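Using the working numbering, you'd call the opening residue of the sequence shown number 196 and step up by one each time. The C-beta atom is built at its ideal place from N, Cα and C for all residues, glycine as well. The structure displayed is predicted, hence computed values, not measured ones. See structure below.
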Amino acid sequence: MILLTLSVSLHSLRPSPCNSLYTEDCSGTTKHFQVVIFFLSLYIVALGIGGTKATLLTMGAEQFDISKDSERSQTSLFFNWWSISVFSGNLFSCIVLVYIQDNVGWSVGYAIPTIALGIAIIIFIVGTPFYRHKPPSGSALTTMIKILVEASRNWWLQVSKNSKDFLELDSEQCMNKERDSVVHTTSQRYF
């Protein structure tokens, strides 16, 4: 966001203004490095958003122990406030920031979310020691490979009609080990 804000704020990174309605008159006003900096900053922002969209929600949900009734209700409250925050942020960016960019300037319009992101990063770093860190329970890659190998082995097998054959643990063992049982569905039967 800092690079994107700089690319719309600094005169050396911004193309010279073109007041003509015809694009032929404006050709050559943009330098190659200005385009590179602008698109590089857009790609970095897109990469950052793609990496955090899924993980932040998961990290927030991981803070609650669903085996406790009090925390189970807080989980739904968390998801409600998460959704409200995301929708409010989208509304703010689509209405208020666009108004600021049109009437005040692009520099201010991009500086506001950059400062907000900086504050969010500081809050995240300060709050990290208070998070519940769950240790990993094995390798995700190894688990995925095991599933694919078993799926290839079981490709031609007939599925049992008895639903009790589908679970690796009975319901009491699942409760004691804090593991959820997998409910049988008709989709993806090859797994």
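* Asked: Could you give the residue range of the alpha helix (DSSP H) that holds residue 294?
  -> Its alpha helix (DSSP H) spans residues 264-298.
* residue 232 burial status per 10 Å Cβ neighbour count (16 or more: buried) -> Flag for residue 232 reads buried.
* To do: Output the distance between the C-alpha atoms of residue 325 and residue 319, rounded to the nearest integer angstrom.
  => Here the alpha carbons of residue 319 and residue 325 stand approximately 10 Å from one another.
* Classify residue 313 as buried or exposed, calling it buried when 16 or more other Cβ atoms lie within 10 Å of its own Cβ. => Looking at its Cβ environment, which holds fewer than 16 other Cβ atoms inside 10 Å, residue 313 is exposed.
* Asked: Does the separation of the CB atoms of residue 305 and residue 199 fall below 8 Å?
  -> Yes. Within cutoff.
* Asked: What's the call for residue 343, buried or exposed, on a 16-neighbour Cβ count within 10 Å?
  -> Residue 343 comes out exposed.
* With a Cβ-Cβ cutoff of 8 Å, do residue 307 and residue 292 count as a contact? -> Yes. Within cutoff.
* Applying the criterion that 16 or more other CB atoms from any shown protein chain within 10 Å of the CB defines a buried residue, is residue 143 buried or exposed? -> The structure shown does not extend to residue 143, since the chain is modelled only from 196 to 386, so the question has no answer here.
* Taking residue 257 as part of the alpha helix (DSSP H), name the residues at either end of that continuous run. => Note, residue 257: premise wrong, no alpha helix (DSSP H); not H, not E.
* Alpha carbon to alpha carbon, how far is residue 341 from residue 270? -> Inter-residue distance for residue 341 and residue 270 is about 31 Å (C-alpha atoms, whole angstroms).
* Output the boundary residues of the alpha helix (DSSP H) element that contains residue 319. => Where residue 319 is concerned, the enclosing alpha helix (DSSP H) stretches over 301-322.
* Could you tell me whether the Cβ atoms of residue 458 and residue 256 are closer together than 8 Å? => Nothing can be reported for residue 458: it is not among the residues displayed for the chain, which extend from 196 to 386.
* To do: Find the nearest neighbour of residue 236 within the set 275, 263, 208 and 261, judged by alpha-carbon distance.
  => Ranking the options by Cα distance to residue 236, first place goes to 208.
* If you drop the 5 nearest sequence neighbours on each side, which residues of the same chain put their C-beta closer than 6 Å to that of residue 349? -> Cβ contact annotation for residue 349 (same chain, cutoff 6 Å, sequence separation greater than five): none.
* Helix, strand or coil at residue 353 [DSSP, three-state] -> Of the three classes helix, strand and coil, the one that applies to residue 353 here is coil, per DSSP.
* Asked: So, are the CB atoms of residue 302 and residue 240 less than 8 Å apart?
  -> Contact flag unset, no.
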